[in-house]
Each structure stands twice: as C-alpha cells, then as structure tokens.
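Colleague: Structure in structure tokens, see below.
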Amino acid sequence: MKLKIPFIAIVLIFTIQAANAQTDSLTTKPKQKTTLLKTTVLPISLITGGLLISGSAFEKSFQESVRNSVGEDFSTSVDNYTRYAPIVELYAADALGIKAKNHWFDQTKNLTLSIIITDFITFKIKKISNKTRPNGNGNPDSMPSAHTSSSFTNATVLYQEFKDTSPLLAYSGYGFAATTGALRITNNAHWLSDVLVGAGIGMLVTNVIYYFDPIIKWNPFKKTDNITLLPEIDNNRYGFYLCVRIK
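Residue numbers (mature numbering (1 follows the signal peptide of the UniProt record, and there is no 0)): -21 to -1, 1 to 226.
Here it is in structure tokens:
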C-alpha cells in the first residue's frame, strides 16, 4: 500500500489550515472573547471552496491523480474509526485529570448538540445535492462527506476544550479529522469538494455552539466531579457509559 504525495498533501492542508485559523484564540488574553466572525471564517471558506470546485475538471483530475498514486485497488476501513479518535482523546484527558474548559457534562452536552445538528445539516444537503460518488456506487449522496463532517465536529470540540490548557492535545484532533477526510478521497468514496464542505460544516456548527454556550449553561452534575458520562457512538447505535471515580 503506497500513500504518496496526494494523500500526505491532503492531510497537511487540512491540519495546517485548522491550526492557523485557530491560532489567534491562543494568543489573545483569556478575558477577551473571540468574535463569532473569527470562529466562522475558516469553516465558511472551506464550504465555499468546496462548492466552487464541485464537479470541476480540477476536482476530477485531482481524484484521478490520487487514485493513480495509491492504486485502484486501495481500500481501508480505518476512516470508520479515526473520526471517533478525538472523542476518545477528550474523555481520556478528562480521566487523566487534564484541565479542560468545561465540566464533563458541558463537554458531553456540546458534543451531543454538535453531532445532532451537524448530522441533520449533512444529510439534508446530501439529499439536495444529488451528487454521485467517484466510485459510482450507492445513492447519489456524495456531498458532503458525513465521515468528514463528524470527524471535524469531534476535533473541534476537543480543540475548544483544551486550546488554552493543552494546545498539543487540542490540535491533535484535527490530525485525525484530516486523516479521515483524506481517506474518504483515497478510498474513492468522496470527491475533494465533499470533504471540504463536510469539514466546514463540522467546524462551523461546533464553533457556533461553543460561542453561544454561556447562554445555555445548565449542569446538574456541576458538583459531582467523580462521575463521568461517556458517549458510545458507532455506525449502528448511540449510547452512553456511566463511569464513577472512587476516591
């Protein structure tokens, strides 16, 4: 299995863009609130860029170049799991006592809201766009990539929670999200534009939710730090695990 320059380039582009766009919030003073415009510029740019190149000769040429690079027989299911890696990182960090922006309940609340809204928007657009996948299989629901939108949702929650206390951890989620998006292309399941739009939706929804989070502060477990609720998410079901820390 050879993953040459196109795959590496896709991952680097996503990771660098996400990192650069979020840098300002790390250098500003803690009491300074990031404006809504700053948090939405990159996501909107990704969505706009994706829409502009959708169906273009460039996109088709890019897809062909990627497939020629990795081989027509390339296939992997890794992207089914990398999209959930930021969630694992989030709750693992909580379990290890790494300081986060919010209590675990608020993290779970924001994560759940972000996932629900992102999925709703993603699948609504899929029905409207009626775009065929590059492999020609399945329904015409290529745009946007649901794997990518969910992975960038998860990565942005991780970023928002740890950007001020553990920058390396905060940015690491975007590496997994970018890998997920890149693998959707190398698997020939999605076009570049599908991935760009999916990434933009995931980041946009999550950033907006975190921007308005102070307005919907409700936490019945605020004084119960020894209890953690962990979401279980896979292709077929959603659920939760309840963890109790014995002191």
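The beta-carbon is built from N, C-alpha and C at its ideal position, and this holds for glycine as well.
1) Excluding the 5 residues preceding and the 5 following residue 130 in the sequence, name in chain order all residues of the same chain whose CB lies nearer than 6 Å to its CB.
2) Only counting the same chain, and skipping five residues up and downstream in sequence, which positions put a Cβ closer than 6 Å to that of residue 173?
3) State the CB to CB distance for the pair residue 171 and residue 32, rounded to an integer number of angstroms; the pair is presumed to be in contact (CB under 8 Å).
4) Would you mind reading off the limits of the alpha helix (DSSP H) that contains residue 156?
5) For the pair the region 106 to 118 and the region 137 to 157, tell me if three or more CB-CB distances fall below 8 Å.
6) Does DSSP classify residue 168 as helix, strand or coil?
7) According to the Cβ coordinates, are residue 65 and residue 137 closer than 9 Å?
8) Could you check how far apart the C-beta atoms of residue 23 and residue 176 are, in whole angstroms? I think they sit under 8 Å.
9) With residue 82 as the anchor, note down where its alpha helix (DSSP H) starts and where it stops.
10) Mind the definition here: the region 65 to 85 touches the region 177 to 186 only if three or more C-beta pairs lie below 8 Å; say whether that holds.
11) Looking at the unbroken alpha helix (DSSP H) that takes in residue 140, where does it start and where does it end?
12) Taking the beta carbon of residue 99 as the centre, do at least 16 other beta carbons fall within 10 Å, making it buried, or is it exposed?
13) Indicate the three-state DSSP secondary structure (helix, strand or coil) for residue 46 in the structure shown.
14) Who are the Cβ neighbours of residue 2 in its own chain at under 8 Å, not counting the five residues just before and after it?
15) Quick test of your reading: residue 48 and residue 166, contact by CB under 8 Å. State the CB separation rounded to the nearest angstrom.
16) Hey, out of 178, 87, 78, 168, whose CA is closest to residue 43's CA?
17) Please report the residue range of the alpha helix (DSSP H) in which residue 18 lies.
Modeller: This is what the structure holds:
1) Result list for residue 130: 62, 156, 159, in chain order.
2) Contacts found: 121, 122, 123, 124.
3) With a Cβ gap of about 7 Å, residue 171 and residue 32 count as contacting.
4) Residues 146 to 165.
5) As far as the Cβ criterion goes, the region 106 to 118 does not touch the region 137 to 157, which means the pair count is below three.
6) DSSP places residue 168 in coil when its eight states are reduced to three.
7) Pairing residue 65 with residue 137 gives a Cβ-Cβ distance under 9 Å.
8) In fact, because the Cβ distance is near 11 Å, the residues do not count as touching under 8 Å.
9) Premise fails: residue 82 is in no alpha helix (DSSP H) and is neither H nor E.
10) Contact fails: fewer than three Cβ-Cβ distances are below 8 Å.
11) Per DSSP, residue 140 belongs to the alpha helix (DSSP H) from 125 to 141.
12) Exposed is the call here.
13) Looking at residue 46 - three-state DSSP - the assignment turns out to be helix.
14) Any reading at residue 2 needs caution, since the residue's pLDDT is 49, under 50, leaving its predicted position unreliable; the model's value is listed next. Contacts found: none.
15) That pair is no contact at about 13 Å.
16) Out of 178, 87, 78, 168, 168 has the C-alpha closest to the C-alpha of residue 43.
17) Its alpha helix (DSSP H) spans residues 15 to 32.
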